[in-house]
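Chemist: I'd like to ask you about the structure that follows.
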Ligand code: EAX
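Residue numbers (this note's numbering): 38 to 377.
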């Protein structure tokens, strides 16, 4: 047989073999994935993760299993997100604040005093604005599956109640590893100390920092009531989490599996947000019962705090770019007008 015909036949056989080989394992193989969270089992981030894992197994008939490792067992938010990018971890659920170090536009979420309600946040994140943010992740080897809730962030500390912005003067306060949050608290006269949440309890316990800022659910799940006397409901920013998959992992899934995972993400999102809101409604009383002194800031004092933060808002609006910031506030205004 002429060499060129033999060569052509060999090439065809190889292509067929490769395609059959590739198709067969993807269709039949058992896929084991891991999901790391930075917060304890009691927090909606981990409750949602476990629900997601359960749904993925159910929707793929057990072909894909997701093992959840909570409370920073696999590292901090920053470390786990990097592990997804490197392909050594499959899922994690960090705050938009740390994602902003990878895709700058996510920093818009942390602009202080932007959202007035959780429902507004849902409408913005589930609508075109949020989806446009998620579309920026694949180029960083990340797949954004859904926005979850962390919630409105409040200040806790061991020194005094925060009733006015001036009360923050000189307080050493841990912030997330995010320049906007660092500038926010320095801008109000605190000394911002960026730390991973996995290091925060011991930093509070040893008084390496006086305080921190997080929603009730984090304060409760992390047992900060054991090391923080005062909780002041500043509500200075709404924090969202993003359920992320690593693109290296995602690209190996076939279309049916991707759809099953996306469906599981959608259902787990509704569950996680519900858990967050139910818990946030209950936890004020539980934190007081655990010994915390909780004070509310008056609308006037929150307005003064926002006014004090105007230079920081202006700085980050310029850094993020006016078109993005305008689109963000237009999306919020639309949600507000729709009565979200
Ligand atoms: O996973 O780091 C934080 O304070 C965030 O609230 C949370 O842990 C994000």
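All C-beta atoms, glycine included, are put in the ideal place defined by N, C-alpha and C.
Using the rule of at least 16 other Cβ atoms within 10 Å of the residue's Cβ for burial, across every protein chain shown, is residue 307 buried or exposed?
Modeler: The residue is exposed, with fewer than 16 neighbouring Cβ atoms inside 10 Å.
Chemist: Between the C-alpha atoms of residue 63 and residue 288, what's the straight-line distance to the nearest angstrom?
Modeler: Note that residue 63 has pLDDT 47, beneath the 50 cutoff, so the model's placement of it is unreliable and the number below is only indicative. About 11 Å.
Chemist: Per DSSP, which one or two residues make a beta bridge with residue 269?
Modeler: Its beta-bridge partners are 192, 332.
Chemist: Bridge partners for residue 173 per DSSP, in chain order?
Modeler: DSSP output for residue 173 lists no bridge partner at all.
Chemist: According to DSSP, what are the bridge partners of residue 248?
Modeler: Answer is 194, 210, bridged to residue 248.
Chemist: Within 10 Å of its beta-carbon, does residue 216 have 16 or more other beta-carbons around it, so buried, or fewer, so exposed?
Modeler: Classification of residue 216: buried, given that the 10 Å Cβ count is 16 or more.
Chemist: Can you tell me where the beta strand (DSSP E) holding residue 101 begins and where it ends?
Modeler: Its beta strand (DSSP E) spans residues 101-106.
Chemist: Which same chain residues end up closer than 8 Å to residue 265 when comparing Cβ atoms and leaving out the 5 residues on each side of it in sequence?
Modeler: Here the set comprises 193, 194, 195, 241, 248, 249, 256, 329.
Chemist: Under 7 Å Cβ to Cβ from residue 173, same chain only, skipping five residues before and after it: list those, please.
Modeler: Hits under 7 Å: 140, 142.
Chemist: Given this structure, state the Cα-to-Cα distance separating residue 161 from residue 183, to the nearest angstrom.
Modeler: Between residue 161 and residue 183, the C-alpha separation is close to 12 Å.
Chemist: Sort 68, 71, 81, 273 by Cα distance to residue 320 and report the nearest one.
Modeler: For the residues 68, 71, 81, 273, the minimum Cα distance to residue 320 belongs to 81.
Chemist: What do you reckon, is the C-beta of residue 276 under 7 Å from a heavy atom of the ligand EAX?
Modeler: Answer for residue 276: yes, Cβ within range of the ligand EAX.
Chemist: CB residue 225 to CB residue 117, shorter than 8 Å?
Modeler: Contact flag unset, no.
Chemist: Give me whichever residues DSSP pairs with residue 283 in a beta bridge.
Modeler: Per DSSP, 179.
Chemist: Provide the residue span of the alpha helix (DSSP H) that contains residue 73, from first to last.
Modeler: Looking at the DSSP string, residue 73 is not in any alpha helix (DSSP H); the run it does join, the beta strand (DSSP E), is 68-73.
Chemist: Going along the chain, which residues of its own chain have a beta-carbon closer than 7 Å to the beta-carbon of residue 109, five neighbours each way excluded?
Modeler: The residues are 75, 235.
Chemist: Between residue 369 and residue 132, is the Cβ-Cβ spacing less than 8 Å?
Modeler: Result no, Cβ atoms of residue 369 and residue 132 do not sit closer than 8 Å.
Chemist: Any contact between the stretch 331-340 and the stretch 263-280? By contact I mean 3 or more CB pairs, one from each, below 8 Å.
Modeler: The stretch 331-340 vs the stretch 263-280: in contact.
Chemist: Would you please state the rounded distance, in angstroms, between the beta carbons of residue 408 and residue 100? I believe it to be under 8 Å.
Modeler: Since the first residue of the chain shown is 38 and the last is 377, residue 408 is not available in this structure.
Chemist: For residue 282, which residues of its own chain have a beta-carbon under 8 Å away from its beta-carbon, when the five flanking residues on both sides are left out?
Modeler: Closer than 8 Å at Cβ, skipping near neighbours: 121, 127, 128, 179, 180, 182, 298.
Chemist: Could you spell out the range, first to last residue, of the beta strand (DSSP E) harbouring residue 370?
Modeler: Where residue 370 is concerned, there is no enclosing beta strand (DSSP E), although the alpha helix (DSSP H) it sits in stretches over 359-374.
Chemist: Between residue 114 and the ligand EAX, is there a pair consisting of the residue's CB and a ligand heavy atom that are separated by less than 7 Å?
Modeler: True, at least one ligand heavy atom lies under 7 Å from that Cβ.
Chemist: Say the cut is 7 Å; is the CB of residue 131 nearer than that to a heavy atom of the ligand EAX?
Modeler: Result yes, Cβ under 7 Å from the ligand EAX.
Chemist: Since residue 346 and residue 221 should fall inside the 8 Å C-beta cutoff, what is the C-beta to C-beta distance between them, to a whole number of angstroms?
Modeler: With 8 Å as the limit, residue 346 and residue 221 qualify as a contact, their Cβ atoms being about 6 Å apart.
Chemist: Residue 132 bridges to which residues according to DSSP?
Modeler: According to DSSP, which records beta bridges pairwise, residue 132 is partnered with 278.
Chemist: How would you label residue 294, buried or exposed, when you count the other beta carbons within 10 angstroms and need 16 or more for buried?
Modeler: Buried is the call here.
Chemist: Apply the 10 Å Cβ neighbour rule to residue 204 and answer buried if 16 or more other Cβ atoms are within range, or exposed otherwise.
Modeler: Looking at its Cβ environment, which holds 16 or more other Cβ atoms inside 10 Å, residue 204 is buried.
Chemist: Answer yes or no: the CB of residue 67 versus the heavy atoms of the ligand EAX, is any distance below 7 Å?
Modeler: Answer for residue 67: no, Cβ out of range of the ligand EAX.
Chemist: Have a look at residue 165 and residue 243 and give me their C-alpha separation to the nearest angstrom.
Modeler: For residue 165 and residue 243, the distance between alpha carbons rounds to 44 Å.
Chemist: Where does residue 233 fall in DSSP's three states?
Modeler: Correct three-state label for residue 233: coil.
Chemist: Nearest by alpha-carbon distance to residue 263: which of 372, 185, 238, 233 is it?
Modeler: When each option's Cα is compared against that of residue 263, the closest is 238.
Chemist: Note the first and the last residue of the continuous alpha helix (DSSP H) segment covering residue 223.
Modeler: That run of the alpha helix (DSSP H) goes 216-224.
Chemist: Determine the burial state of residue 260: buried for a count of at least 16 other Cβ atoms within 10 Å of its Cβ, exposed for fewer.
Modeler: With fewer than 16 other Cβ atoms within 10 Å, it is exposed.
Chemist: For the alpha helix (DSSP H) that residue 81 lies in, which residues bound it at each end?
Modeler: Taken as a continuous stretch (DSSP letters only), the alpha helix (DSSP H) holding residue 81 covers 81-96.
Chemist: Once DSSP output is grouped into helix, strand and coil, what is the label at residue 228?
Modeler: Residue 228: strand per DSSP, three-state reduction.
Chemist: Going by the C-beta, is residue 146 closer than 7 Å to any heavy atom of the ligand GDP?
Modeler: Absence of the ligand GDP is noted for the structure shown, with the ligand EAX being the only ligands found.
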